[in-house]
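The number in the UniProt record's numbering is simply the position in the sequence shown, starting from 1, with 227 added.
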Amino acid sequence: ESDIVIENAGYVELRGITDSFQAVLGRLRALDTSRQEFVSNVSHELKTPITSMRVLADSLLTQENVPAEIYREFMADISEEIDRESKIISDLLALVKLDKAATEMNLDQVNINELVEGILKRLRPIAEKRNIELVLESFRPITAEVDEVKLSLAITNLVENAIKYNKDDGWVHVSLNADHKYFFVKVADSGVGIPEDAAQHIFERFYRVDKARSRETGGTGLGLAITQNVINLHHGAIKMYSRAGEGSTFMMRIPLSYIA
Ligand code: ADP
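Structure, rendered in structure tokens:
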């Protein structure tokens, strides 16, 4: 009898090990797939502007006596593709830096009201071009222990999106609030909104609801992934509510004191 017990125990133990081994393998595979997917997305995104530039340059080089205005037009297109490539590279570098497990946090006691006022001041000219009203509502003075540069990037991305994916003559309302533990930044817009089936994907790297629109506005699909990483580094959270065609609201929550 005792033999059987031992055998059973051994079997159960082995089963346990095999199961956890399978689970680990599964996780590794998932990690690997997402890494492979990321690398393949990166190469695709980086190649697209290069391909356009190649076509534009080739057609200029193979034509004889190109009229000056055509020449200028093609060069302007090439220049735009260069800007695009630079934006993708700088967003990627930002993302990769923030993705590192050992990302250095430069923590300071930061006046959040001033930080957000500064961001809106920088973005106001862009909003004004399309007559979009940009309003800040601060419910209380907030000081929090954050990495100012990183947090600024995260909030800037939200407000930039609220302007980019808005209608002419629309509005963007930013509000700041806090309780005893967290501060909250809410960015609401009167824009195009986000369809229900897309909502779960918008924080993924390179995901764009409307590729053409994102491209037109200089989007790379990395903005919200960067924002999410910054919020994770601060042990905060972000939520989004939207109604397609009516607008979106992004709400982030960050602890007032950094959790080491
Ligand atoms: P992008 O560089 O394309 O703006 P993001 O990562 O910032 O990339 O956003 C991903 C996608 O989510 C955008 O392409 C857009 O389709 C959608 N999106 C983000 N913010 C908004 C918003 N405020 N209103 C509508 N759609 C948005």
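Don't be surprised by glycine CBs; every beta carbon is placed ideally from N, CA and C.
Compare the C-alpha of L319 against each of G450, N388, N358 and name the closest. Nearest C-alpha to L319: G450.
I'd like to confirm something about D416: is its beta-carbon nearer than 7 Å to some heavy atom of the ligand ADP, or not? At least one heavy atom of the ligand ADP is nearer than 7 Å to the Cβ of D416, so yes.
Do you know whose CA, among Q455, A439, G463, K324, lies nearest H428's CA? Nearest of Q455, A439, G463, K324 to H428, Cα basis: Q455.
Could you check if R254 belongs to the surroundings of the ligand ADP, using beta carbon to heavy atom distance under 7 Å? At a cut-off of 7 Å, the beta-carbon of R254 does not count as near the ligand ADP: no heavy atom of the ligand is closer than that.
At a cut-off of 7 Å, would you count G243 as near the ligand ADP, judging by its Cβ distance to the nearest heavy atom? G243 Cβ: outside cutoff for every heavy atom of the ligand ADP.
Within the continuous alpha helix (DSSP H) that includes D335, where are the two ends? First-last for D335: 334-338, but that is the beta strand (DSSP E), not the alpha helix (DSSP H).
For F410 and S417, the rounded distance between their alpha carbons: Rounded to whole angstroms, the separation of the alpha carbons of F410 and S417 is 24 Å.
Answer yes or no: do L363 and R351 have a C-beta to C-beta separation smaller than 8 Å? No, the Cβ-Cβ distance between L363 and R351 is not below 8 Å.
Residue range of the alpha helix (DSSP H) that I390 falls in? In this chain, the alpha helix (DSSP H) harbouring I390 covers 375-391.
Rounded distance between the beta-carbons of I421 and V399, thought under 8 Å: Between V399 and I421 a beta carbon distance of about 15 Å is seen, past the 8 Å cut, so the two are scored as non-contacting.
Roughly how many angstroms lie between the CA atoms of I231 and A257, to the nearest whole one? Note that I231 scores 49 on pLDDT, short of 50, meaning its location in the model is unreliable and no value can be drawn from it.
For S286, does the count of other Cβ atoms within 10 angstroms reach 16, so buried, or fall short, so exposed? S286 should be labelled exposed.
At the level of alpha carbons, what is the spacing between L283 and D304? In a straight line, the C-alpha of L283 is about 8 Å away from that of D304.
So I481 packs on I458, CB below 8 Å; how close in whole Å? That pair is a contact at about 7 Å.
Tell me, which residues are paired with F410 by DSSP? Beta-bridge partners of F410 (DSSP): A405, I481.
Are three or more beta carbon pairs between the region 330-341 and the region 370-377 nearer than 8 Å? Using a C-beta cut-off of 8 Å, the region 330-341 makes contact with the region 370-377, since at least three inter-stretch Cβ pairs fall below that distance.
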